[in-house]
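All letters in the sequence shown, in the order written, are residues 60 to 473 by the working numbering.
Glycine included, each C-beta is placed from N, C-alpha and C at the ideal position.
Everything on this sheet refers to the single structure shown next.
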Amino acid sequence: MSEPVRLDLMPLDQFGALGLHAKNDYLQELADTFCARTGRETLELSKDALSRLRRFYSRRSLADLKVSPEPTNALEQALRDLGEAVKLNERRPDIVGALTAELPAPVLREAPEDDSQLSFFVPSIYDAPLKDDVNLMDVAPFSLGKAKRGGEIRYELKDCIITIDGSASAGLATVFDYDIFLHMVTSLAEEARRYRLNQDKGLRTDAPARVYRPSSSHILKFCRRSSGGKQYKDLEAALDRLQGTRIKILNLTGGSRREVVAMPLIQTFKVISKTTTGNIDQVEIGIPDWVYNGVVREKGNPQILTLNPEYFLITQGIGRFIYRLARRAAGKSGIARYGLKELHKRSGSLQGLPQFAFQVRQFVSSTRVFPFPDYDLEIVEGKREDILVMRERKPDAADVPLGSGAGAPELPLA
60 MSEPVRLDLM PLDQFGALGL HAKNDYLQEL ADTFCARTGR ETLELSKDAL
110 SRLRRFYSRR SLADLKVSPE PTNALEQALR DLGEAVKLNE RRPDIVGALT
160 AELPAPVLRE APEDDSQLSF FVPSIYDAPL KDDVNLMDVA PFSLGKAKRG
210 GEIRYELKDC IITIDGSASA GLATVFDYDI FLHMVTSLAE EARRYRLNQD
260 KGLRTDAPAR VYRPSSSHIL KFCRRSSGGK QYKDLEAALD RLQGTRIKIL
310 NLTGGSRREV VAMPLIQTFK VISKTTTGNI DQVEIGIPDW VYNGVVREKG
360 NPQILTLNPE YFLITQGIGR FIYRLARRAA GKSGIARYGL KELHKRSGSL
410 QGLPQFAFQV RQFVSSTRVF PFPDYDLEIV EGKREDILVM RERKPDAADV
460 PLGSGAGAPE LPLA
């Protein structure tokens, strides 16, 4: 390693007294000075890089850099070297290299340009938390990949057997198609909330309708997708797959009488109107009875959980599956653990266990650089197999920049 570049570091107590923006400015100036002294082009640090540097600079804890005791790649090694150098009150030439080295694929995609204008264009009915049916969060009721997949997915759980079938022509619904299902449940949940409020006030009011008519642009905005022509074309194909996908549940706890229930993800859909360019403008979606009854007819609170809106920006199907599982299993304890074999079993993946485990390890490694919404992920060695640990993250609100991926606030109830 080349000779370290020495910089005048601000004392910790002085740094700690700075506000968020002042800390960011100081760290950016520090990086600028380093670049100048090493002959590198000035680099504007990302929000994620600034967040990682703030935590590490304040606490001098290698854990804040998210590196393992034995680094497995160049980035981890650079970050560990950097941490050791800072503890000796010096900066090595890899301060920027550690942040700009070849990184794994981002966990989250960039939000669309008009994403910040969501509240101005989407009716208040969508200003509700994102919902997902609790009973389906133990498994993946969809294909994790974007490619067409036929056949069925079979889950043999302790109390039931769940089978997911897709239509022969369209194939199974994908995890990305499932965004539309979330839109449907969220809209219904908000209607049900208002319905109950009116009932509590003694007002006569109609129960929520069993069909709803969203515009395609509202669906895309809700799912935080751009409004390009391809997105509109993909929407109709996604609706085809959702309508053709059936969930069959065989209950194993009823003794000799085993209850079998078959349910569609959406009951029906119909294109109501199209634009002059032939794209879908408005659709009518029939809400299945099992969804309607679970959200509207359920006594007390319906069995649904809130998802972070950053969920829609997770790029990989495996990442979305892990988030759903963590949100379901972590519960009040804030932590959940799954062996990789059990994780593979619940994913419905066509990959063999070794290939699936490799993909999970790669994804977990990428979350050390690009924060995962709400949870810190770690793979630890167990007695019989490696275990994925999903730990709820509760960051200091003052240390989270507005709009950053880490610890992003959930959408509030209207």
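Just to confirm the assignment: which complete beta strand (DSSP E) runs, minimum length 3, are found wholly within the segment 302-334?
305-310, 319-323 and 327-333
Inter-residue Cα distance where the pair is I308 and V319
On the sequence shown, position 249 is the one that residue 308 refers to. On the sequence shown, position 260 is the one that residue 319 refers to. If you take the alpha carbons of I308 and V319, they lie about 6 Å apart.
Runs of 3 residues minimum, wholly inside the segment 236-268: which ones carry the beta strand (DSSP E) assignment?
none
Would you decide whether K280 is buried or exposed? Buried here means 16 or more other CB atoms lie within 10 Å of its CB.
To locate residue 280, count along the sequence shown from 1; it is residue 221. The residue in question, K280, is buried, as its Cβ has 16 or more Cβ neighbours within 10 Å.
Can you tell me the Cα-Cα spacing of E103 and E88, whole angstroms?
On the sequence shown, position 44 is the one that residue 103 refers to. On the sequence shown, position 29 is the one that residue 88 refers to. E103 and E88: Cα-Cα distance of roughly 10 Å.
Along the alpha helix (DSSP H) that carries Q341, what are the first and last residues, could you check?
Counting from one through the sequence shown, the residue named residue 341 turns up at place 282. Unbroken run through Q341 is the beta strand (DSSP E), I339 to G345; no alpha helix (DSSP H).
Does the structure place the segment 239-250 close enough to the segment 263-279 that three or more beta carbon pairs sit under 8 Å?
yes
By Cβ distance, which residues of its chain are closer than 7 Å to Y370, with the 5 residues on each side in sequence left out?
Working through the sequence shown from its first residue, we reach residue 370 at position 311. Closer than 7 Å at Cβ, skipping near neighbours: L189, R379, Y382 and P432.
I221: first and last residue of the uninterrupted beta strand (DSSP E) it sits in:
Numbered from 1 along the sequence shown, position 162 holds the residue referred to as residue 221. Segment C219 to D224, the beta strand (DSSP E) holding I221.
Please determine if the segment 417-427 and the segment 436-446 are in contact, where contact requires at least 3 C-beta pairs separated by less than 8 Å.
yes
Is the beta carbon of L409 sitting closer than 8 Å to the one on Y397?
By one-based count along the sequence shown, residue 409 stands at place 350. By one-based count along the sequence shown, residue 397 stands at place 338. No, Cβ-Cβ distance for L409 and Y397 is not below 8 Å.
In the structure shown, what three-state DSSP assignment does E440 receive?
Start at 1 with the first residue of the sequence shown, and residue 440 comes out as number 381. In this structure, E440 counts as strand in the three-state DSSP scheme.
Can you give me the Cβ contacts of P323 inside the same chain, cut-off strictly under 6 Å, excluding the 5 residues immediately before and after it?
As a first step, residue 323 must be located in the sequence shown, where it is residue number 264. Result list for P323: R305 and P347, in chain order.
Relative to the alpha-carbon of S246, which residue among R284, Y351 and A81 has its alpha-carbon at the smallest distance?
Translated into positions along the sequence shown, residue 246 becomes position 187. The candidate whose alpha carbon is nearest that of S246 is Y351.
Could you give the DSSP three-state label for V198: helix, strand or coil?
Position 139 of the sequence shown, counting from 1, holds the residue named residue 198. Of the three classes helix, strand and coil, the one that applies to V198 here is coil, per DSSP.
Which class does V448 belong to by DSSP, given the choice of helix, strand or coil?
Counting from one through the sequence shown, the residue named residue 448 turns up at place 389. Three-state DSSP puts V448 in a strand.
DSSP bridge partner residues for R356 (one or two, in chain order)
For the purposes of this step, residue 356 is taken as residue 297 along the sequence shown, with counting starting at 1. Beta-bridge pairing links R356 to no other residue.
Per-residue DSSP class, three states only, for T426
As a working mapping, residue 426 is identified with position 367 in the sequence shown. Looking at T426 - three-state DSSP - the assignment turns out to be coil, as it is neither helix nor strand.
Since G407 is in the alpha helix (DSSP H), which residue starts that stretch and which ends it?
Within the sequence shown, numbered from 1, the residue matching residue 407 stands at position 348. Per DSSP, G407 belongs to no alpha helix (DSSP H) and is neither H nor E.
Would you kindly work out how many angstroms separate the C-alpha atoms of F74 and L109, rounded to a whole number?
Residue 74 sits at position 15 when you count from the first residue of the sequence shown. Residue 109 sits at position 50 when you count from the first residue of the sequence shown. Roughly 14 Å between the two C-alpha positions.
Would you call F415 buried or exposed, if buried means 16 or more other Cβ atoms sit within 10 Å of its Cβ?
Sequence index remark: in the sequence shown, residue 415 carries index 356 (1-based). Classification of F415: buried, given that the 10 Å Cβ count is 16 or more.
Among the candidates F235, G78, T222 and R113, whose CA atom is the shortest distance from the CA of T374?
As a position in the sequence shown, residue 374 is number 315, starting the count at 1. The option with the nearest alpha carbon to T374 is F235.
In chain order, what residues of the same chain have a beta carbon less than 8 Å from the beta carbon of D72, not counting five sequence neighbours either side?
The sequence position of residue 72 within the sequence shown is 13, counting from 1. No residues qualify anywhere along the chain.
Please name the residue, chosen from G225, N310 and D238, that lies closest to N367 on a Cα-to-Cα basis.
Along the sequence shown, read from residue 1 onward, the residue named residue 367 stands at position 308. With distances taken between Cα atoms, N367 lies closest to D238.
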